[in-house]
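Presented below is the structure to which this report refers.
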Amino acid sequence: MGSGELSSAALPRGFFDRPSHEVAPELLGRVLAHGPVAVRLTEVEAYGGPGEDPAAHTYRGRTPRNAVMFGPPGHLYVYFTYGMHFCANLVCLPEGFGSAVLLRAGEVVAGIDEARARRSGNGRAIPDRDLARGPARLAVVLGLLREHNGLDAIAPAPIASGRRLTGVPHGAAAVLEGIPAGVESVSSGPRTGISTAKDTPWRFWIDGDPTVSPYRAHVPRRRNAAATSVGGASKS
DNA sequence: ATGCAGATAATCT
DNA sequence: GATTATCTGCATG
């Protein structure tokens, strides 16, 4: 099989210099490459800026964690959540505007052996369609960790032979043109797993694609009953 | 197929 | 102390 040859050019930074809800649907069908692995994006979610999107990490302003979202466009915002998972975003709008697009799912189109290795924890075989089906899985497959927070995804020098990209330099990332999904094949709806702004339809996916993750509504986690009842001052 | 509970720690109140 | 832009395993239909 082809050792990960990718026949398309890298997107320019200007692509990301727009509101995240405009960038998000146009990201579908594009390819994010990081080192040897590349994923064709099939599902994304847009998150807006301070004061305008209650579900966004930047809603209450700039903090150490979300600082990258306020930086220049085209960089990766990678955050740690639920005590064990990383999720990756692409920053939108110019410096000073904290918004981004969460990369929720995709199809592995290069470096699939490496992708499988990175996802094989419990010895069981994982169907190809599930390798990057979900934001934390996608981050694992692409090898995106805390240290990649802030990484520029506009690779300065993609590795090419002729007009054909064969990858990106080790440690670098790039978003390739790929084959953009036409508007007729893109669906949208409420974002997944959030407790606020539940009606904002900023989740976008390629209709019918098997790598799109199943929708999950936010479920409030029940607190430890013992911890809240000790002392007698707990509420209900 | 769908649903729930547990894991596990940074971040913010 | 509470919440979290989630995943996995195990339960049930």
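In the numbering used here, the protein residues as written are -15 to 220. The beta-carbon is built from N, C-alpha and C at its ideal position, and this holds for glycine as well. From a predicted model like this one, the values you see are computed outputs, not experimental measurements.
Top-ranked residue by Cα proximity to residue i, from the options
{"i": "V125", "options": "T180, L16, E27 and T184", "result": "L16"}
{"i": "L129", "options": "G107, R102 and Y43", "result": "R102"}
{"i": "L12", "options": "A181, V203, S171 and K182", "result": "S171"}
{"i": "F(-1)", "options": "Y31, G45, V75 and A51", "result": "V75"}
{"i": "E29", "options": "P(-4), T65 and A8", "result": "A8"}
{"i": "H5", "options": "G166, H202, V203 and F188", "result": "F188"}
{"i": "E10", "options": "V85, G32 and P20", "result": "V85"}
{"i": "G166", "options": "V203, Y199, R14 and L160", "result": "R14"}
{"i": "V203", "options": "T184, T180, W186 and H132", "result": "T180"}
{"i": "L25", "options": "L160, T65, N106 and D183", "result": "L160"}
{"i": "V62", "options": "V93, D1, H132 and V92", "result": "H132"}
{"i": "C71", "options": "R200, A144, A201 and A123", "result": "A123"}
Same chain only: Cβ atoms within 6 Å of residue i, ignoring 5 sequence neighbours per side
{"i": "V152", "result": "A17, A139, P142 and A158"}
{"i": "S(-13)", "result": "Caution applies to S(-13), whose pLDDT of 48 falls short of 50 and renders its modelled position unreliable; the model cannot decide the point."}
Contacts around residue i, its chain only, beta-carbon distance under 7 Å, and the 5 residues preceding and following it disregarded
{"i": "S197", "result": "E27, R88, A89, R117 and G118"}
{"i": "R113", "result": "P194 and T195"}
{"i": "N50", "result": "H41, T42 and G82"}
{"i": "G127", "result": "H18, G19, V21 and R102"}
{"i": "R(-3)", "result": "P57, G58 and I138"}
Close Cβ partners of residue i (< 8 Å) along its chain, the five nearest in sequence each way excluded
{"i": "S44", "result": "A quick correction: the sequence has Arg, not Ser, at residue 44. Closer than 8 Å at the Cβ level, and outside the excluded window around R44, lie P34."}
{"i": "G55", "result": "V75, E79 and G134"}
{"i": "I110", "result": "R100, R103 and S104"}
Contact belief for residue i with residue j at Cβ below 8 Å, rounded distance in angstroms
{"i": "H69", "j": "A120", "result": "4 Å"}
(message) With three or more C-beta pairs closer than 8 Å as the rule, is the region 63 to 82 touching the region 97 to 114?
(response) No, the region 97 to 114 does not touch the region 63 to 82.
(request) Tell me, please, whether the region 34 to 41 touches the region 190 to 204 by the rule of three or more beta-carbon pairs shorter than 8 Å. (result) Cβ pair count under 8 Å is below three, so no.
(message) What ranges does the alpha helix (DSSP H) occupy inside the region 91 to 158, keeping only unbroken runs of at least 4 residues that lie completely in it?
(response) The region 91 to 158 contains, as complete alpha helix (DSSP H) runs of 4+ residues, the segments 96 to 103 and 119 to 125 (chain order).
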